[in-house]
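Trainee: Residue numbers (the numbering used here): 439 to 829. Dumping the structure here so I can ask a few things about it.
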Amino acid sequence: MKILPQIKEIHEEMTEWRHRIHMHPETAFEEYQTSDFVAEKLESFGIEVHRGLAKTGVVGTLKSGSGNRAIGLRADMDALDLQELNEFAHRSQVDGKMHGCGHDGHTVMLLGAAKYLSETKNFDGTVQFIFQPAEENVAGGRVMISDGLFEKFPVDSVYGMHNMPGFNVGEFAVRKGPMMASADFFEARITGVGGHGAFPHLTVDPVTVACDVVSGWQKIVSRNVDPLKSAVITVGEIHGGHTTNVIPEDVVIRGTTRAFDLEVQNMIERRMAQVLDGICAAHGATAEFEYDRRYAPTINTPDETDEAIAAAQELVGESCVDTDVVPVMGAEDFSWMLQERPGCYIMIANGAGEGSCHVHNPNYDFNDTILPLGASYWARLTERVLPKEAA
439 MKILPQIKEI
449 HEEMTEWRHR
459 IHMHPETAFE
469 EYQTSDFVAE
479 KLESFGIEVH
489 RGLAKTGVVG
499 TLKSGSGNRA
509 IGLRADMDAL
519 DLQELNEFAH
529 RSQVDGKMHG
539 CGHDGHTVML
549 LGAAKYLSET
559 KNFDGTVQFI
569 FQPAEENVAG
579 GRVMISDGLF
589 EKFPVDSVYG
599 MHNMPGFNVG
609 EFAVRKGPMM
619 ASADFFEARI
629 TGVGGHGAFP
639 HLTVDPVTVA
649 CDVVSGWQKI
659 VSRNVDPLKS
669 AVITVGEIHG
679 GHTTNVIPED
689 VVIRGTTRAF
699 DLEVQNMIER
709 RMAQVLDGIC
719 AAHGATAEFE
729 YDRRYAPTIN
739 TPDETDEAIA
749 AAQELVGESC
759 VDTDVVPVMG
769 AEDFSWMLQE
779 RPGCYIMIAN
789 GAGEGSCHVH
799 NPNYDFNDTI
809 LPLGASYWAR
819 LTERVLPKEA
829 A
């Protein structure tokens, strides 16, 4: 691996930063200590700091040369509501919260790149270092966009990165087009006429209606989605009734949907409402439907993906960069930034084999050995996208 020498020199320092953040995890829109730490580091590097987008977001602006092009580099800062089971010295000191997805490492890799770029200024243009809150569950990226992220901090392209357990250190994975799915969440309330379980003919049973609705929704995937495309409709909760011999007045159904294509995402929302209303009408029940479009599909644009691939290959070689990784049905709110600007979301391997485990696991920990590699990727990507003219 061709780690940049200046970044290799601060590996120990970056590890200390990462352990500090890991010990003090903060969840969505409560990343006060983390954003303070990020802002202090950026300021110490001589980078202009802006705060307040999406409540706890931080943006650092660094300019070099006379170029008018700009690039956005994004890292997420929030932790999970999860009790850590690790016993090492830097384990979480906050009960019920932990950095179980590696956002502490993401933050530090971008800080390492910021330090390097502020010292070398081997680029021509503007870098916006975007430290985003609330990636988990509540789409802080969408909030940053609605708060005017790219109006206040214009960029021509934007890039994101996430660690990937189960792959060998020194590898990257990416693809053009859909990388991750949308993640929408829904709630349907079916109201009928309750009554005695022995006299169902005097009721409108919302339980049986709910069963038909769930079955009908599954046919959307099998009969309305192009077989060459993909979609998921998952019902995760059904609530109704309180005893065995009473037909309840209503039933609540909740779940999530996933898709890689915006048209499929739109169709799913429309057809779910139609199926719900139609089945309820057929049985004499009524329905209320709420559909929350939380995460858009993460779709990498071709030219920007080529730049990301080239930057990664410079560091680890062609054989260690998977350029056609299989997309996953997980979701990422960096997708909202990609809807506004072209860009690329890449995966960096977190390690495989004994001792490694997947994200959102109480035994997970970010692999400190990849901190300088991730920082070097950000630096080389910036130098490629915003090249400095030779003297």
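Glycine included, every Cβ here is placed at the ideal spot set by N, Cα and C.
(1) Among the residues of its own chain, which have a CB less than 8 angstroms from the CB of residue 829, if the five just before and after it don't count?
(2) Which residues in the same chain as residue 711 place their Cβ atom closer than 7 angstroms to its Cβ, once the five residues preceding and following it in sequence are excluded?
(3) Can you give the Cα-Cα distance for residue 509 and residue 721, rounded to whole angstroms?
(4) Do you know offhand how far residue 740's Cα is from residue 586's?
(5) Around the Cβ of residue 563, are there at least 16 other Cβ atoms within 10 angstroms (buried) or fewer (exposed)?
(6) Would you list, in sequence order, the uninterrupted alpha helix (DSSP H) runs of no fewer than 4 residues that lie entirely inside the segment 574-622?
(7) With a threshold of 8 angstroms (Cβ to nearest heavy atom), would residue 687 be considered close to the ligand GDP?
(8) Would residue 617 and residue 786 be called neighbours here (beta carbons separated by less than 9 angstroms)?
(9) Does residue 644 pass the burial test, meaning 16 or more other C-beta atoms within 10 Å, or should it be called exposed?
(10) Where does residue 829 sit, in a helix, a strand or coil, going by DSSP?
(11) Which parts of the segment 720-747 are runs of the beta strand (DSSP E), unbroken and 3 residues or longer, counting only runs that do not cross its ends?
(12) Using the C-alpha atoms, what's the distance from residue 466 back to residue 733?
(13) Nearest CA to the CA of residue 743: which residue from 479, 596, 653 and 628?
(14) To the nearest angstrom, report how far apart residue 537 and residue 544 are at their CA atoms.
(15) Taking contact to mean at least 3 C-beta pairs separated by less than 8 angstroms, is the segment 516-526 in contact with the segment 796-811?
(16) Looking only at its own chain, which residues have a Cβ that is under 6 angstroms from the Cβ of residue 561, when we skip the five neighbours before and after it?
(17) What do you reckon, are the CB atoms on residue 558 and residue 817 nearer than 9 angstroms?
(18) When the Cβ atoms of the segment 644-654 are set against those of the segment 669-687, are three or more pairs found closer than 8 angstroms?
(19) With a CB to CB cut of under 6 angstroms and the five nearest residues on each side skipped, what residues in its chain are close to residue 513?
(20) Looking only at DSSP bridge pairs, what is residue 513 linked to?
(21) To the nearest angstrom, how far is it from the Cα of residue 607 to the Cα of residue 746?
(22) Thinking C-alpha only, which one of 758, 695, 690 and 696 is nearest residue 725?
(23) Pick out whichever of 637, 593, 576 and 790 has its Cα sitting closest to the Cα of residue 603.
(24) Within 10 Å of its beta-carbon, does residue 580 have 16 or more other beta-carbons around it, so buried, or fewer, so exposed?
(25) Just how far apart, CA to CA, sit residue 776 and residue 591?
(26) How close, in whole Å, do the beta carbons of residue 460 and residue 528 come, if the pair is a contact with beta carbons under 8 angstroms?
(27) Hey, residue 622 and residue 695: beta-carbon distance below 9 angstroms or not?
(28) Residue 533 bridges to which residues according to DSSP?
(29) Could you compute how far the alpha carbon of residue 783 sits from the alpha carbon of residue 473?
(30) Check whether the Cβ atoms of residue 676 and residue 648 lie closer than 9 angstroms to each other.
(31) Following the continuous alpha helix (DSSP H) through residue 547, name the residue where it begins and the one where it ends.
(32) Assuming the contact rule is C-beta atoms closer than 8 angstroms, residue 723 and residue 658 should be a hit. Round their C-beta distance to whole Å, please.
(33) Please report the distance separating the alpha-carbon of residue 750 from that of residue 806.
(34) Which residue marks the beginning of the alpha helix (DSSP H) containing residue 449, and which one marks its end?
Mentor: Short version:
(1) The pLDDT assigned to residue 829 is 45, lower than 50, so where the model puts this residue is not dependable; a value taken from the coordinates is nonetheless given after this. Cβ neighbours of residue 829 beyond the five flanking positions: none.
(2) Annotation for residue 711: 727 place their beta carbon closer than 7 angstroms to its own, counting only its chain and skipping 5 residues before and after.
(3) Answer to the nearest angstrom: the Cα atoms are 55 angstroms apart.
(4) Each residue's Cα considered, the two are about 25 angstroms apart.
(5) Residue 563 is classed as buried because its beta carbon has at least 16 other beta carbons within 10 Å across all chains shown.
(6) DSSP runs (the alpha helix (DSSP H)) wholly in the segment 574-622: 578-584 and 587-590.
(7) The model depicted lacks the ligand GDP and carries no ligand whatsoever.
(8) No, the Cβ-Cβ distance between residue 617 and residue 786 is not below 9 angstroms.
(9) Around the CB of residue 644, 16 or more other CB atoms lie within 10 Å, so the residue is classed as buried.
(10) Because the pLDDT of residue 829 is 45, which lies under 50, any placement of that residue in the model is unreliable, and the number read from its coordinates should be weighed accordingly. Looking at residue 829 - three-state DSSP - the assignment turns out to be coil, as it is neither helix nor strand.
(11) Every unbroken stretch of the beta strand (DSSP E) spanning 3 or more residues and falling wholly within the segment 720-747 is given here in chain order: 724-733 and 736-738.
(12) Annotation: residue 733 to residue 466 spans about 15 angstroms, alpha carbon to alpha carbon.
(13) Ranking 479, 596, 653 and 628 by Cα distance to residue 743 puts 596 first.
(14) Distance between the alpha carbons of residue 537 and residue 544: 11 angstroms.
(15) Counting C-beta pairs with one atom in each stretch, the segment 516-526 and the segment 796-811 have three or more that are closer than 8 angstroms, which means they touch.
(16) If we look at residue 561 and ignore the five residues flanking it on each side, its Cβ neighbours are 502, 820, 821, 824 and 826.
(17) The answer is yes: Cβ separation under 9 angstroms.
(18) The segment 644-654 makes contact with the segment 669-687, as at least three CB pairs between them are under 8 angstroms.
(19) Non-local C-beta neighbours of residue 513 in its own chain, meaning closer than 6 angstroms and more than five positions away in sequence, comprise 544, 545, 548 and 569, ordered along the chain.
(20) Beta-bridge pairing links residue 513 to 569.
(21) If you take the alpha carbons of residue 607 and residue 746, they lie about 18 angstroms apart.
(22) Closest in C-alpha terms to residue 725, from the list 758, 695, 690 and 696, comes 690.
(23) With distances taken between Cα atoms, residue 603 lies closest to 790.
(24) The residue is buried, with at least 16 neighbouring Cβ atoms inside 10 Å.
(25) Taking the Cα positions, residue 776 is about 15 angstroms away from residue 591.
(26) Rounded to the nearest angstrom, the Cβ distance from residue 460 to residue 528 is 5 angstroms, consistent with a contact under 8 angstroms.
(27) The criterion of a C-beta distance shorter than 9 angstroms is satisfied by residue 622 and residue 695.
(28) Residue 533 is not bridged to any residue.
(29) Taking the straight line from one Cα to the other gives about 22 angstroms.
(30) Residue 676 places its beta carbon less than 9 angstroms from that of residue 648.
(31) Taken as a continuous stretch (DSSP letters only), the alpha helix (DSSP H) holding residue 547 covers 541-558.
(32) Contact doesn't hold; Cβ gap of about 20 angstroms is too wide.
(33) Going from the Cα of residue 750 to the Cα of residue 806 covers about 18 angstroms.
(34) Here the alpha helix (DSSP H) through residue 449 covers 449-461.
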